[in-house]
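Numbering (our numbering), first residue to last: 76 to 230.
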């Protein structure tokens, strides 16, 4: 309020100063409220804590619901926790199943935990066996643990 500091302090100036201060307060309050609603929407839309669904508009609520369904699909498709298969549509269920089978194949091929050999196709089983033989050869050739000399071939 420095712009008013050198004015005489009559009743009109006091009223103007009061009005200006009130206008500034209300503008700041309205901005803070809007930021609060924007933050709440962001929290809800991203599945974060601090979400109050009762403060959302109908269109925001619809967008938040779609975002939640997309997060669920991503969790299921990547094998993450937080997957609720019953929320998937038929197309998504098929994609999630294909992704799970691919993850299983990758785990088996790389010798990782989480491999279920019974889920492999015949072609995949052959590739997994070739990868296992190559890993064994590399282990033996480099003097690493996991070398099984009986699995080495003469070629």
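Cβ coordinates follow ideal geometry from the N, Cα and C atoms, glycine included.
Legend entry - Identity of the residue in 168, 173, 174, 207 nearest residue 187 by Cα: Distances from the alpha-carbon of residue 187 to those of 168, 173, 174, 207 put 207 closest.
Legend entry - Close-in-space but distant-in-sequence residues of the same chain around residue 120 (CB under 7 Å, 5 per side omitted): 138, 139, 142
Inset, instruction - Excluding the 5 residues preceding and the 5 following residue 118 in the sequence, name in chain order all residues of the same chain whose CB lies nearer than 6 Å to its CB. - result: 125, 126
Legend entry - Span separating the alpha-carbon of residue 146 from that of residue 162: Near 11 Å, if we compare the C-alpha coordinates of residue 162 and residue 146.
Legend entry - Endpoints, the alpha helix (DSSP H) within which residue 208 is located: Here the alpha helix (DSSP H) through residue 208 covers 197-217.
Inset, instruction - Check whether the Cβ atoms of residue 215 and residue 203 sit closer than 9 Å, and answer yes or no. - result: Result no, Cβ atoms of residue 215 and residue 203 do not sit closer than 9 Å.
Inset, instruction - In angstroms with no decimal places, state the Cα-to-Cα distance between residue 136 and residue 173. - result: 31 Å
Legend entry - Contact check, residue 157 vs residue 178, beta carbons under 9 Å: no
Inset, instruction - Could you have a look at residue 127 and say whether DSSP puts it in helix, strand or coil? - result: coil
Inset, instruction - Tell me whether residue 171 is buried or exposed, calling it buried when 16 or more other Cβ atoms sit within 10 Å of its Cβ. - result: buried
Inset, instruction - Indicate, with yes or no, if the ligand GTP has a heavy atom lying under 8 Å from the CB of residue 166. - result: Looking at this structure, you won't find the ligand GTP or any other ligand, since it has none at all.
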